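For reference, the structure discussed in these notes is given below.
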């Protein structure tokens, strides 16, 4: 029964919860950390002209 669980079961449950919390922390860090360096005073990205294989500019949305 559940009432007969020893300290081993509690230790295993705490380990699972600790691993889940560590995974959650790593996921949050991966989402909110910039992965590339940005140089100081860098110009913003410019639009790129797209070309079709026939060398005529392709129509872009927007």
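Numbering (the working numbering), first residue to last: 118 to 179.
Glycine is no exception: its CB is placed at the ideal position from the N, C-alpha and C atoms.
A quick note: this is a predicted structure, and the numbers were derived from the prediction, not measured.
Whole-angstrom distance between residue 152 and residue 146, CA atom to CA atom
Here residue 146 corresponds to residue number 29 of the chain shown, with the count starting at 1. Here residue 152 corresponds to residue number 35 of the chain shown, with the count starting at 1. Using only the alpha carbons, I get a separation of about 11 Å.
What residue does the alpha helix (DSSP H) around residue 144 start on, and which one ends it?
Here residue 144 refers to the residue found at position 27 when the chain shown is read from its first residue. Residues 124-149.
Tell me the rounded alpha-carbon separation between residue 132 and residue 140.
Translated into positions along the chain shown, residue 132 becomes position 15. Translated into positions along the chain shown, residue 140 becomes position 23. So the alpha carbons of these two residues sit roughly 12 Å apart.
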